[in-house]
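Participant:
Now the structure itself:
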């Protein structure tokens, strides 16, 4: 990820672990890495309520450890559109990841978006699909 590569210059201990499947969730190497961390940021392009963030949260509930900052889509009705539009709309673009990393390190981010790291919600009565 370009954001992680860029921010490693500022935060040398920043690590990236790519998890291509979350079921079953039980890799002892991942658990060991989580245990050594002060903060874990999950970054996913779907609902955090049924994704990696919820799996990590369940693990942390049973094995208290680092703070969890989920970056993903809140539990809401979603809509379609182009990739860049959707990443921006739901607050899961590169800027959102960068700001979550800054928060994890106790520094102010540069985002003008809400401090809520979990992506936006929409209301069904509004025309929100790209191009409407």
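Numbering (our numbering), first residue to last: 81 to 212. Where is the CB? At the ideal position from N, CA and C, for every residue including glycine.
Let me make sure I understand the geometry here. Which of 141, 105, 171 has the alpha-carbon closest to that of residue 124?
Facilitator: Checking every option, the nearest Cα to that of residue 124 belongs to 171.
Participant: Taking the beta carbon of residue 97 as the centre, do at least 16 other beta carbons fall within 10 Å, making it buried, or is it exposed?
Facilitator: Exposed: under 16 other Cβ atoms inside 10 Å.
Participant: Excluding five sequence neighbours on each side, which residues of the same chain lie with their C-beta closer than 8 Å to the C-beta of residue 89?
Facilitator: So no residue of the chain qualifies.
Participant: Among residues of its own chain, excluding the 5 on either side of residue 140, which ones have a beta-carbon nearer than 7 Å to its beta-carbon?
Facilitator: Cβ neighbours of residue 140 beyond the five flanking positions: 148.
Participant: If you draw a straight line from the C-alpha of residue 159 to the C-alpha of residue 166, how long is it?
Facilitator: Taking the straight line from one Cα to the other gives about 8 Å.
Participant: What does a CB cutoff of less than 6 Å around residue 113 pick up in its chain, not counting 5 residues either side in sequence?
Facilitator: Once the five neighbours on either side are set aside, residue 113 has no close Cβ partner at all.
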